[in-house]
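S.K.: First to last, the sequence lines map onto chains A and B. Residues in the first sequence are numbered from 1 upward in steps of one, following the numbering used here. Residues in the second sequence are numbered from 1 upward in steps of one, following the numbering used here. Note that beta-carbon positions come from the ideal geometry of N, C-alpha and C, so glycine has one too. Submitted below is the structure of interest, expressed as structure tokens.
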Amino acid sequence: MTYSSHLGEVVATRMPEDQSGVRVLRRHHLLVRCTHWLNVPILLGLILSGISIYWASPVYKHQPDPQTGNVDPLADVGIWVCAHVPGLHQYSSPADWIYNHISLGPGMLAVALRLHWVCAYLFMLNGLVFVTGMVMGGGWRSLLPRQTDLRDALKMFRYYLGVPLAIVTGRIWLPPRFNTKYNALQRVAYFSVPIAGLLSVFTGWAIHKPMQLYWLTWIFGGYDKARVWHFWLVWLFILFVVPHVMLVLADGWDTLRSMIVGWSTRTERSEGS
Amino acid sequence: MNLEDKTSAEEADKTFSTEPVSSRKPASFFQERPPQEIEVAPQLLRRWTRRDLLLFGAGAVAAVAAGGALLPQATLKRLGIIHENKNWPRKEWLLNKSLRIDDDVAEALYSSNRLVPTYTRSQITSLRNNYNGATPDPSYIPEWRLTLDGLASGLSVYLNIRNLLASFQVHEQITRLVCVEGWSAIAGWAGLRFDDLLRAHPPMSQAKWVRLESSVNLGPWGNPDPYYVSLDLATAHHAQTLLATHLNGKPLTVEHGAPLRLVAPVKLGLKNIKAITRISYTNDEPADYWAKRGYSRYDGI
């Protein structure tokens, strides 16, 4: 029993509908919308300060460079950029270039830590409100994985890959049909990201309090490994955000607006289009 | 006719009507529910949209303003947003407040009964001297003595290293030292328990804090740069808080704080002060070298 059939019945009984009314679907609970957008400044603050903290003691190191004495591969990227990008040859501290562009800057550990704590507490609070909104609006059910998700996610992925080619060749390229709130690929992403957020919080506590919460540190393989987890989870967020923003913009104003106003005028999708 | 009447009655009753919920029960508690479809008058929908977009815009402006107010001056200057220091007066207050909250959380997590993990000899790693000031001349060691202040007796006590090693039992432990920068090292320490010293020379009854001073007191160019830390008395009483004399079976070198240093594995490395010269018990929280430089004060891990 899909609700496309259920909705079909409902629409049939209400055929002579009032012309003045606009049919909209409730899509996102108010608390979900608020926390979704609050994540933008909070995560930005966490990442910028986090990379400044990383600078103080990089996880990944190589043998000191004979010329610069540098051990940090991220700093190497900055040195390479300054050496090869026109206009940057005069850059005063090439080793700092990358940290000057993806963090608060080098040599700001105390400031970065304070900002990281402000944002981390806000992030945890925001997460709790998000879960509350998910429960109150019942939205959590739309995020749960299904048995068919893997196959459907691959189909969806193939569709996205084919879109640019279809535009170039002018071919008709229809998306796979689905009658759920999200397609399987979205579901995988929207289900994993809150879990990644939770893991970020846990790995964060594991490296913040490795003595009092030593069991938590132990779960992640010890203090040094927990740092590595915490570091790579950041890149998972970034990996999610880039296609997320691109696809929302590609999908159109209705999808973006629905995360602000909460409703969507796309009632046809549920009817199996 | 009948249906139209019903619709208009509903319109009069409330501004929108909600579709009836499916009469069929969902297959399971976890199954996705049908989307809720509502019918809204176009003017109302326009009003909602306008309201929500305006609120969103206001929120975005507020977020940019908050970000600009909280980001460090150096970052904003580099981005070309500001050209001279413009410090918002409440900024420090807000950031310090959050630091205090984090310190309070750390203090709440602390338990005097909870021991930190210990390691085996084979797990010991190299321990670096992270002090970027000048290493003091070892000539202070022969005349070194420890001064105790703020005692219940009201007197000052002076102890040399022979007194200390003769009157207290030596304990050994292999624990992890965690630096605020993010690196850590496993090291084997030997020394007396701070708790034993507290028993032998009890502090005044109202004392809640310890101030520790060091003879590591030179900056990178040999300029005076005294190092001192604050420590809460509860941490000093912890069974694994040592006044260490030996590192990995050998007497402490000057780089690692000869002849006596603090080893408090429940605290960040920066509290593990080297070459202690004076221990003072106080009622009020004493100043701390790194807290003055924007780091937290409690530093419990």
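Between the alpha carbons of W97(A) and V129(A), how many angstroms are there, rounded?
M.R.: 37 Å
S.K.: How far does the alpha helix (DSSP H) with D149(A) in it extend, from its first residue to its last?
M.R.: Segment 149-169, the alpha helix (DSSP H) holding D149(A).
S.K.: For P142(B), which of helix, strand or coil comes out of DSSP?
M.R.: coil
S.K.: Please confirm if D96(A) has its CB atom under 8 Å from at least one CB of chain B.
M.R.: no
S.K.: Rounded C-beta distance between I161(B) and S214(B)? I'm assuming under 8 Å.
M.R.: Not a contact, Cβ separation roughly 15 Å.
S.K.: Are T241(B) and L104(A) touching if we call contact CB-CB under 8 Å?
M.R.: no
S.K.: Is the distance from the Cβ of M246(A) to the Cβ of H36(A) below 8 Å?
M.R.: no
S.K.: Taking 8 Å as the threshold (beta carbon to beta carbon), is L150(A) in contact with chain B?
M.R.: no
S.K.: With distances taken between CB atoms, is the gap from A244(B) to A190(B) smaller than 8 Å?
M.R.: yes
S.K.: What span of residues does the alpha helix (DSSP H) with S215(B) cover, start to end?
M.R.: It is not in any alpha helix (DSSP H) - S215(B) carries neither H nor E in the DSSP assignment.
S.K.: Short of 9 Å Cβ to Cβ, which residues in the segment 195-219 of chain A face chain B?
M.R.: I207, H208, K209, P210, M211, Q212, L213, Y214, T217, W218
S.K.: Quick check: what's the CA-CA separation for K91(B) versus A69(B)?
M.R.: 7 Å
S.K.: Any beta carbon from chain A within less than 8 Å of D299(B)'s own beta carbon?
M.R.: no
S.K.: If you reduce the DSSP assignment to three classes, tell me which class L231(B) lands in.
M.R.: If DSSP states are grouped into helix, strand and coil, L231(B) belongs with the strands.
S.K.: Please check the pair L218(B) and P136(B), which I expect to be a contact at CB under 8 Å, by giving their CB distance rounded to whole angstroms.
M.R.: 6 Å
S.K.: Quick one: what's W209(B) bridged to in DSSP?
M.R.: D232(B), T282(B)
S.K.: Nearest to A274(A) by CA position, among G182(B), A60(B), S126(B), A63(B), is which residue?
M.R.: Chain A is shown only over 1 to 273; residue 274(A) falls outside these bounds and no answer can be derived.
S.K.: Is there a Cβ from chain B that is less than 8 Å from the Cβ of N100(A)?
M.R.: yes
S.K.: Could you check what DSSP says for E32(B) in three-state terms: helix, strand or coil?
M.R.: coil
S.K.: Is the beta carbon of E39(B) sitting closer than 8 Å to the one on K181(A)?
M.R.: no
S.K.: Could you tell me the alpha carbon to alpha carbon distance between P42(B) and S20(A), rounded to whole angstroms?
M.R.: Each residue's CA atom was taken as its position, placing P42(B) and S20(A) some 7 Å apart.
S.K.: Which residues in the same chain have their Cβ closer than 8 Å to the Cβ of A166(A), if we skip the five residues on either side of it in sequence?
M.R.: I172, W173
S.K.: At least one CB of chain B closer than 8 Å to the CB of S142(A): is that the case?
M.R.: For S142(A), the answer is yes, since a Cβ of chain B falls inside 8 Å of its Cβ.
S.K.: Shorter than 8 Å from the beta carbon of D224(A) to some beta carbon of chain C?
M.R.: The structure shown contains no chain C; its protein chains are A and B.
S.K.: Taking T267(A) as the query, report the chain B residues whose CB atoms sit under 9 Å from its CB, ordered along the chain.
M.R.: Residues of chain B passing the Cβ test: P35, E37.
S.K.: Just to confirm, are A239(B) and V210(B) a CB contact at a threshold of 8 Å?
M.R.: no
S.K.: Using a C-beta to C-beta distance shorter than 9 Å, which residues of chain A count as neighbours of L53(B)?
M.R.: R257, I260, V261
S.K.: Can you give the Cα-Cα distance for C179(B) and A166(B), rounded to whole angstroms?
M.R.: 32 Å
S.K.: Check W263(A) in the structure and name its three-state DSSP category.
M.R.: strand
S.K.: Taking the C-alpha atoms as reference points, what is the distance between L233(B) and F191(A)?
M.R.: If I take the Cα positions, the gap works out to 46 Å.
S.K.: Is there contact between the segment 63-76 of chain A and the segment 194-201 of chain B, where contact requires at least three CB pairs shorter than 8 Å?
M.R.: no
S.K.: Using a Cβ cut-off of 8 Å, which residues of the segment 106-127 of chain B contact any Cβ in chain A, in chain order?
M.R.: A106, L109, Y110, S111, R114, V116, P117
S.K.: Give me whichever residues DSSP pairs with T147(B) in a beta bridge.
M.R.: Y158(B), R278(B)
S.K.: Could you round the C-beta distance between V22(A) and W48(B) to whole angstroms and report it? I think they count as a contact, below 8 Å.
M.R.: Not really, about 11 Å apart at Cβ, beyond 8 Å.
S.K.: So, does the CB of R26(A) fall closer than 8 Å to a CB anywhere in chain B?
M.R.: Closer than 8 Å to some Cβ of chain B, the Cβ of R26(A) qualifies, so yes.
S.K.: Nearest chain A C-beta to R47(B) closer than 8 Å, yes or no?
M.R.: no
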